[in-house]
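> Here the sequence shown is numbered in this note's numbering, starting from 192 and rising by one per residue. All residues carry an ideal CB built from backbone N, CA and C; glycine is no exception. My questions all concern the structure below.
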Amino acid sequence: MFDALTAPIVADMDRFQALVESNPNDPRCRAVVVALEHSAAAFDGWAAEADPALRKEKQTLHAGLLAAAQICQAMQQQHV
192 MFDALTAPIV ADMDRFQALV ESNPNDPRCR AVVVALEHSA AAFDGWAAEA DPALRKEKQT
252 LHAGLLAAAQ ICQAMQQQHV
């Protein structure tokens, strides 16, 4: 699972953390969370997918994007 945390992803996470630490009320912090939630919403209908493999992929993407949004939100709330 952690193989997915590539160097560019870790760098993005580090930049988000620095932004939150410098100004947790920066509108960009909330914008990141909203963007992840909107991206997850694109997969809201995953359960209706007829193809089992595609259904699983969509479910995984939906859950992963929501988890990322929750992580970013938690990071922000720790600094407010």
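Helix or strand or just coil, what does DSSP make of H229?
Looking at H229 - three-state DSSP - the assignment turns out to be helix.
> Any contact between the segment 257 to 264 and the segment 235 to 242? By contact I mean 3 or more CB pairs, one from each, below 8 Å.
No, because fewer than three Cβ pairs between the segment 257 to 264 and the segment 235 to 242 fall closer than 8 Å, the two stretches do not touch.
> Pick from V223, K247, H253 and D242: whose alpha carbon is nearest that of M204?
Considering only alpha carbons, the answer is V223.
> In whole angstroms, what separates the C-alpha of Q267 from that of F207?
So the alpha carbons of these two residues sit roughly 9 Å apart.
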